[in-house]
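Q:
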Amino acid sequence: MQLTVWRFLDGNRAHEKQSAALLAGLRECVGEVTCCEIPAPGSLAALRPAFAESLRDLPAPDLLFGAGRRSHWPVLLAKRWFGGTSVAINRPTLPIRCFDYAIAPEHDRPAALENVILSQGALTEPLPRGQMQPGTGLLLLGGPSKHFRWDAGLVQRQLAELLSAPVDWLVSDSRRTPAGALDPVAASGARVQSWRDCPPDWLPQQLARVEQVWVTGDSISMVFEALQSEARVGVLQLPSRRRVNKVRGAMQRLVDQELVSDRIADARRPWKRGREPLNQYYHCARALLRRCGWPDGGTFDARV
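Per this note's numbering, the sequence shown starts with residue 31, numbered consecutively.
#1: Kindly indicate the opening and closing residues of the beta strand (DSSP E) around residue 32.
#2: Pick from 279, 233 and 196: whose alpha carbon is nearest that of residue 158?
#3: Cα separation between residue 44 and residue 288?
#4: Which of the three DSSP states, helix, strand or coil, is assigned to residue 287?
#5: If you draw a straight line from the C-alpha of residue 213 to the C-alpha of residue 250, how long is it?
#6: Roughly how many angstroms lie between the CA atoms of residue 143 and residue 194, to the nearest whole one?
#7: Determine the extent of the alpha helix (DSSP H) in which residue 197 is found, giving its start and end residues.
#8: Out of 295, 85, 92 and 125, point me to the one whose CA is closest to residue 60's CA.
#9: Can you tell me the Cα-Cα spacing of residue 183 and residue 190, whole angstroms?
#10: Could you check what DSSP says for residue 178 in three-state terms: helix, strand or coil?
#11: Can you grab the Cα-Cα spacing for the pair residue 62 / residue 119, in whole Å?
#12: Let me check one thing: in DSSP terms, what residues is residue 242 bridge-paired to?
#13: I'd like to confirm the pairing. Which residues does DSSP put opposite residue 84 in its beta bridges?
#14: Output needed for residue 168: all residues of its chain with C-beta closer than 6 Å, excluding positions within five of it in sequence on either side, in chain order.
#15: Starting from the Cα of residue 102, find the closest Cα among 171, 161 and 123 and give me that residue.
#16: Using the DSSP secondary-structure output, state which residues sit across from residue 131 in a beta bridge.
#17: Which residues mark the beginning and the end of the alpha helix (DSSP H) in which residue 126 is found?
#18: Using CA atoms only, rank isn't needed, just tell me which of 265, 75 and 161 is closest to residue 188.
#19: Among the residues of its own chain, which have a CB less than 7 Å from the CB of residue 100, if the five just before and after it don't count?
#20: The alpha helix (DSSP H) spanning residue 307 covers which residue range?
#21: Measure the CB-CB distance between residue 153 and residue 49 and report whether it falls below 9 Å.
#22: Please identify the residue among 272, 270, 280 and 227 whose C-alpha is closest to the C-alpha of residue 253.
#23: Could you tell me how far apart the beta carbons of residue 173 and residue 207 are, in whole angstroms, since I believe they sit closer than 8 Å?
#24: For a quick check, are the C-beta atoms of residue 36 and residue 95 less than 9 Å apart?
#25: Excluding sequence positions up to five away, which residues of its chain have a Cβ less than 7 Å from the Cβ of residue 256?
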């Protein structure tokens with residue numbers, strides 16, 4: 031089977047990683063996929079004749095998808111003009127019924143509609159296997175968010191306990207990390223990597239390499255990305271901004287499933303490496319192909 035995909039790019043790296051993950055899953059399922067990558071214009075620009083004209087010479091699409099609100103109108107308009115099946119990745123800002131399908135994380139609580147495919151977290155691309163180095167660890171710091179407050183004292187106490195473990199730690203921050211959060215880490219002698227100095231492929235390389243990954247509880251997308259690795263995954267606690275917190279609930283579910291640890295002491299325990307990657311990119315690609323009535327590979331796969 032051959033598929034032609036129109037993948038709309040909104041310029042947001044996190045969104046584009048998710049659409050790249052779905053593309054990777056489709057390629058694993060059906061083999062030959064032709065992908066046309068299309069920069070998504072703004073909603074008003076998508077209505078202009080020049081946008082339709084720019085697409086006219088592309089091969090006819092079987093699937094059209096993108097992640098992020100800037101991709102929504104371009105996907106819908108391109109489907110109307112050129113056909114194909116429209117897919118929104120993540121819960122769209124437009125009504126879900128506007129799309130043929132939506133692939134949405136469970137914790138976003140999308141409506142229970144027939145065209146919704148639920149994913150456990152954000153879609154992430156596969157990582158290389160067999161590169162894990164014993165005794166290595168990665169600490170990833172987020173920052174204040176609409177769901178969590180940043181308690182610097184609580185974070186530093188948890189970091190100090192982790193850094194006292196006999197692990198070769200590498201610590202990195204993010205755009206949201208408060209200024210100065212890495213100073214005590216650097217003073218401890220641990221290696222520090224600022225997000226400003228990270229090349230695009232830095233995080234996947236590190237996730238494939240380390241034996242354990244610990245992430246602050248605000249960064250659920252980072253937790254799911256870490257769960258695509260073979261490493262132990264742990265979460266650092268942060269205070270919730272409100273009693274009802276969908277991100278905290280999703281994180282607790284991962285803890286209850288024993289996919290993620292919330293006990294800092296676990297960093298000192300040997301890692302059995304018994305957990306398989308979540309492979310949501312693959313499961314959702316197969317589900318989409320089945321919903322569309324297309325062959326999905328047709329052979330037994332242990333990931334299903």
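For every residue, glycine included, the Cβ atom is placed at its ideal position computed from N, Cα and C. Bear in mind the structure is a predicted one, so any value in this text is a computation, not a measurement.
A: The structure says:
#1: In the DSSP assignment, residue 32 falls within the unbroken beta strand (DSSP E) covering 32-39.
#2: That would be 233, whose Cα lies nearest to the Cα of residue 158.
#3: Within the model, the alpha-carbon separation for residue 44 versus residue 288 is close to 26 Å.
#4: Of the three classes helix, strand and coil, the one that applies to residue 287 here is coil, per DSSP.
#5: Rounded to whole angstroms, residue 213 to residue 250 spans 24 Å at the Cα level.
#6: Going by the C-alpha atoms only, they are around 48 Å apart.
#7: Note, residue 197: premise wrong, no alpha helix (DSSP H); not H, not E.
#8: Closest option to residue 60, Cα to Cα, is 92.
#9: Residue 183 and residue 190: Cα-Cα distance of roughly 11 Å.
#10: Correct three-state label for residue 178: strand.
#11: Counting only the Cα atoms, residue 119 lies some 21 Å from residue 62.
#12: In the DSSP output, where bridge partners are listed per residue, residue 242 has 167 and 262.
#13: DSSP lists no partner for residue 84.
#14: Excluding positions up to five away in sequence, the list reads 200, 236, 240 and 243.
#15: Minimum Cα distance to residue 102 is reached at 123.
#16: 117.
#17: Run containing residue 126: none; DSSP gives neither H nor E here.
#18: Residue 265 is the option with its Cα nearest to residue 188.
#19: So the list reads 40, 70 and 72, once near-sequence residues are dropped.
#20: Per DSSP, residue 307 lies in no alpha helix (DSSP H) segment and is marked neither H nor E.
#21: With respect to the 9 Å criterion, residue 153 and residue 49 are classified as neighbours on the basis of their beta carbons.
#22: Nearest C-alpha to residue 253: 280.
#23: That belief holds up - the Cβ atoms of residue 173 and residue 207 are roughly 5 Å apart, short of 8 Å.
#24: A contact, by the Cβ cut-off of 9 Å.
#25: Setting aside the 5 residues that flank it on each side, residue 256 is surrounded in the same chain by 237, 243, 245 and 263, each with a C-beta closer than 7 Å to its C-beta; the list follows chain order.
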